[in-house]
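>
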Amino acid sequence: MKRTRPLWILLIVCIVGVMLAGCGTKEPAWDSFEGALNEKSFPVPKDANSTEHTTTNVAMDYVRYSMPELKEKDGVPEPYLEAIEDWGWEEQKDEDSTNSRVFQKDGLIVHLTVHNGYFIVMIPKEKKASIKGLKTK
C-alpha cells in the first residue's frame with residue numbers, strides 16, 4: 008500500500024501539469040493594438056513580438072512580428088483586417104492574395120504579408136530619397 012502512494016502522487020502531478028500546460032496556451036487577442044515600429048498609424052496586435060526591424064534595405068523598411076498562431080494558408084485574420092480599416096487604412100484591391108495585402112492612408116502605402124508563425128509590415132521608401140542620396144556622392 009505504501010509503494011503505490013508515490014505512484015498516485017506522481018500520476019496526479021502529471022495530470023495537473025498537463026492540464027496547466029494545455030490551459031496555458033492562449034489565442035492571440037485581436038482586440039488590442041498598437042502602432043507598428045515603422046509606421047505608428049498602422050495597427051499591430053499587442054500580442055505580436057517584434058523579432059526583426061530593418062531600415063538598411065534600400066527599397067523597403069520592414070518589421071517582422073512573431074505570432075506562432077498565424078498560418079500562411081489562412082491569410083490575414085478577419086479581426087485584424089477590421090482593425091486596420093478602423094484605423095483609417097484602405098485596402099488596395101489590386102492583388103488577389105490571401106496572405107499578402109496592400110493598404111493606403113494619406114499617401115502612405117503599407118504592405119502586410121502573413122507567413123507561418125509571423126507577419127511582416129513593409130513600407131516602401133520614397134524613390135526621391137534614394138535618388139537624392141546618389142546625386143550627393
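The sequence shown begins at 8 in the working numbering and counts up by one.
Every residue, glycine too, gets a C-beta built ideally from N, C-alpha and C.
Give a yes or no on whether the C-beta atoms belonging to A43 and V70 are separated by under 9 Å.
By one-based count along the sequence shown, residue 43 stands at place 36. By one-based count along the sequence shown, residue 70 stands at place 63. In this structure, V70 lies closer than 9 Å to A43 by Cβ.
> Let me know the secondary structure DSSP gives D68 once reduced to three states.
Here residue 68 corresponds to residue number 61 of the sequence shown, with the count starting at 1. The answer is strand: DSSP assigns D68 an E or B state.
> Taking just the CA atoms, how far does L119 sit from P86?
Locating residue 86 in the sequence shown gives position 79, where the first residue counts as 1. Locating residue 119 in the sequence shown gives position 112, where the first residue counts as 1. Going by the C-alpha atoms only, they are around 15 Å apart.
> Are A66 and K132 close, meaning C-beta to C-beta below 9 Å?
Here the question's residue 66 lines up with position 59 in the sequence shown. Here the question's residue 132 lines up with position 125 in the sequence shown. Yes, these two residues count as a Cβ contact at 9 Å.
> Who are the Cβ neighbours of F40 in its own chain at under 8 Å, not counting the five residues just before and after it?
Sequence index remark: in the sequence shown, residue 40 carries index 33 (1-based). Taken in chain order, the residues that qualify are P50, V51, P52, K53, A90, W94.
> Between the alpha carbons of W96 and P84, how many angstroms are there, rounded?
Translated into positions along the sequence shown, residue 96 becomes position 89. Translated into positions along the sequence shown, residue 84 becomes position 77. Cα to Cα, the separation comes out at about 16 Å.
> Please report the distance separating the alpha-carbon of V121 from that of D81.
Counting from 1 along the sequence shown, the entry for residue 121 is found at position 114. Counting from 1 along the sequence shown, the entry for residue 81 is found at position 74. Looking at the two C-alpha atoms, the distance is approximately 9 Å.
> Tell me the DSSP secondary structure of P131 in three-state form.
As a working note, residue 131 is residue 124 in the sequence shown. DSSP places P131 in strand when its eight states are reduced to three.
> Considering only residues of the same chain and omitting the five flanking positions on each side of D38, which have a CB-CB separation below 7 Å?
Along the sequence shown, one-based indexing puts residue 38 at 31. So no residue of the chain qualifies.
> Could you spell out the range, first to last residue, of the beta strand (DSSP E) harbouring P86?
The count along the sequence shown starts at 1 and reaches residue 86 at position 79. From DSSP, P86 is part of no beta strand (DSSP E) but of the alpha helix (DSSP H) over 85–93.
> Using the C-alpha atoms, what's the distance from C21 back to K100?
Position 93 of the sequence shown, counting from 1, holds the residue named residue 100. Position 14 of the sequence shown, counting from 1, holds the residue named residue 21. Near 51 Å, if we compare the C-alpha coordinates of C21 and K100.
> Considering only DSSP beta bridges, list what L119 is partnered with.
The residue given as residue 119 occupies position 112 in the sequence shown. Per DSSP, R108, V128.
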